[in-house]
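K.L.:
Sequential numbering of the sequence shown, starting at 3, is according to this note's numbering.
Each residue gets a CB set at the ideal place from its N, CA and C atoms; glycine is no exception.
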Amino acid sequence: MDTKKSNLRAWLTVLGCGMLIAGSVTFYTVVIGNFFVPASEALGSDYSSISLYSTLVYIGIACGLPFVGNWLEKIPPIGIAGFAALQSIIVAALSFSQSVIWWWIGGFVIGVGMAFTSIVFISTVLTNWFSKKTGFAIGLAWALASVASAIMSPVTVSLMEVMDWRTSLLIFAVVGAVLAVPAALFLVPYSPERKGMKPYGYDPSVSGEVVLESGVPAKRAVRSAAFILVALALALTQIVSVINAYFPMYAESVGFAPTVGAFMISVALMFDIALNPIIGWTIDKFGAIKAFVAWACIGILSMLILLVSVGNELLAYLGAGLGDTLYVLLGVGIASVASTVFGTKDYGKIFAYITIFGFAAGSVGGFIIASLYEATGSFEAVFMFCIVTVVVIMLCIIGAGVAGKKLPHVTDEAPVQEEPSQA
3 MDTKKSNLRA WLTVLGCGML IAGSVTFYTV VIGNFFVPAS EALGSDYSSI
53 SLYSTLVYIG IACGLPFVGN WLEKIPPIGI AGFAALQSII VAALSFSQSV
103 IWWWIGGFVI GVGMAFTSIV FISTVLTNWF SKKTGFAIGL AWALASVASA
153 IMSPVTVSLM EVMDWRTSLL IFAVVGAVLA VPAALFLVPY SPERKGMKPY
203 GYDPSVSGEV VLESGVPAKR AVRSAAFILV ALALALTQIV SVINAYFPMY
253 AESVGFAPTV GAFMISVALM FDIALNPIIG WTIDKFGAIK AFVAWACIGI
303 LSMLILLVSV GNELLAYLGA GLGDTLYVLL GVGIASVAST VFGTKDYGKI
353 FAYITIFGFA AGSVGGFIIA SLYEATGSFE AVFMFCIVTV VVIMLCIIGA
403 GVAGKKLPHV TDEAPVQEEP SQA
């Protein structure tokens, strides 16, 4: 076995995952928001109507995830590339749309395809490829996607300044396909074993000649308290993490200039690039449960800073940047917690079921934030809601860690015995 070759391939897989995330997930959930205003004006609809695209993307992901859990190991690279291509084709088709209804339909179909190219697939692949530095690898992949999105976002705005939004959206879709499709075909193999390689960090003196996957069987995991707690933590994290999208509304509500709200989002994106690998590293160093709880405390700190940031732009930027911690925990944080609690044996299937709840919750997260603001006329209630929710998330994570230790872990070579039925 050529260790250097295996290690190089592992890091190329991280690069491929970053390209796949960028060309599907971050492009078509975040950067595409730049097209909402011109598209809504051209289609004669209001902003809230076209933004339902985002809600339907999350619903589509939630609908697709049950199939991901069962099909993930069986889908060849060309299949993942197909799902990536589907998303770009739909976005390209939206450049010809004459009704906002097509954005709703397109959002749902994109979401179904995204179920196969987003957090479950990426986390499973990198968990397979890294027996060490797994958290850092997952975080780095998301950071690379954030870099690509940070570049592409102003590019789309510049394109729309020199040509119409429809042509710009078509070019945007092509760029997404150029990133995601080749990555899925050539750079993101499901596991090192399928390439005749070993995962990064593999030590034959410790592991022997065979890499065994140990973990809780999926049938047992989904009936456990630990599963419920991790799923609830993901759902609640998904809800509070959407606060990033409402920074412009917050800035306007406290009298800041519109540019302040826009720059708050930019600051959050810049923090995202750095926080992903840093949080991943701390997870590898201190363990997923401890690191998650510690970084969740930073998320609470960010809300406290935003509470007192009225009249102080620098505090608003700092709060926005630190607030991105919650968005990062939604990816590498929850993925690492699930791996710690349930092991790697049926990780892909278990994590797919867990994320169903998260993306379903994500479809209503924006509604909750907006409703709280509209009901109170202030973002103070929103930030307090986020603080309380993060505390509940921390308790769920700690409880999942305790409950997970009581679950039996088996290896692929060990028979999985069904529990006796209870009378």
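1. Does G345 come out as helix, strand or coil in the three-state DSSP assignment?
2. Should Q100 go down as buried or exposed, given a rule of 16 or more other Cβ atoms within 10 Å for buried?
3. Does DSSP put Y252 in a helix, a strand or coil?
4. So, with DSSP's three-state summary, where would you put F132?
5. Short check: CB of S304 to CB of G321, under 8 Å?
6. In whole angstroms, give me the CA-to-CA distance for A363 and F258.
7. Leaving aside the five residues before and after S209 along the sequence, list all residues of the same chain whose C-beta is less than 7 Å from its C-beta, in chain order.
8. Could you check if M165 is buried or exposed, using at least 16 other CB atoms within 10 Å of its CB as the buried criterion?
9. Roughly how far, in whole angstroms, is the beta-carbon of I307 from the beta-carbon of L328, given that I think they are within contact range, below 8 Å?
10. Give the straight-line distance between the Cα atoms of P250 and G313, rounded to the nearest whole angstrom.
11. Given I173, which residues of its chain have a CB within under 7 Å of its CB, disregarding the five upstream and five downstream residues?
12. Under 8 Å, with one C-beta from each stretch per pair, do the segment 130–141 and the segment 277–296 reach the 3-pair mark?
13. Let me know if K351 comes out buried or exposed under the rule of 16 or more other beta-carbons within 10 Å of its beta-carbon.
14. Counting C-beta neighbours from all protein chains within 10 Å, is the total for R222 16 or more, i.e. buried, or is it exposed?
15. Can you list, in chain order, the residues of its chain with a C-beta nearer than 8 Å to that of E211? Leave out the 5 residues immediately preceding and following it.
16. What is the rounded straight-line gap between the Cα of A405 and the Cα of D348?
17. Helix, strand or coil: which one does DSSP assign to S209?
18. Measure from the alpha carbon of L238 to the alpha carbon of each residue in A95, G403, G345, G360, then state which is nearest.
19. So if DSSP puts V412 in a beta bridge, which residue, or which two residues, is it bridged to?
20. According to DSSP, is Y192 part of a helix, a strand, or is it coil?
21. Taking all protein chains shown into account, decide if K408 is buried (16 or more other Cβ within 10 angstroms of its Cβ) or exposed.
22. Between the beta-carbon of L128 and the beta-carbon of C19, is there less than 8 Å?
23. Just to confirm, is the Cβ distance from S255 to G203 under 8 Å?
24. With C-beta atoms as the reference, is L74 less than 8 Å away from L189?
25. Considering only the alpha carbon of each residue, which of A298, F381, A182, I358 lies closest to T28?
26. Give the C-beta separation of W167 and A41 to the nearest angstrom, bearing in mind that I take them to be a contact with Cβ-Cβ under 8 Å.
27. Can you tell me the Cα-Cα spacing of I82 and T119, whole angstroms?
28. For the segment 45–60 against the segment 103–113, are there 3 or more C-beta pairs whose distance is under 8 Å?
29. Can you tell me which residues form a DSSP beta bridge with Y375?
30. On a Cα-Cα basis, can you pick out the residue from I275, L309, A247, V412 that is closest to I371?
31. Go ahead and label T378 buried or exposed: buried means 16 or more other beta carbons lie within 10 angstroms of its beta carbon, across all protein chains shown.
32. Note down, in chain order, each residue of its chain lying with its Cβ closer than 7 Å to the Cβ of F387, except the 5 sequence neighbours on either side.
P.N.:
Based on what the coordinates show:
1. strand
2. exposed
3. helix
4. strand
5. yes
6. 30 Å
7. Here the model assigns S209 a pLDDT of 47, short of 50, so the residue's position is not dependable, and the following value carries that caveat. Taken in chain order, the list of residues that qualify is empty.
8. exposed
9. Rounded, the Cβ-Cβ distance is 13 Å, inconsistent with contact.
10. 15 Å
11. L161
12. yes
13. buried
14. buried
15. Here E211 scores only 47 on pLDDT, less than 50, and its place in the model should not be relied on; the value that follows carries that caveat. Closer than 8 Å at Cβ, skipping near neighbours: no residue.
16. 18 Å
17. Low confidence applies to S209: its pLDDT is 47, below 50, so where it sits in the model is not reliable, and the reading given next is rough at best. The answer is helix: DSSP assigns S209 an H, G or I state.
18. G360
19. G217
20. coil
21. exposed
22. yes
23. no
24. no
25. A182
26. 6 Å
27. 7 Å
28. yes
29. Its beta-bridge partners do not exist; DSSP assigns none.
30. A247
31. exposed
32. L374
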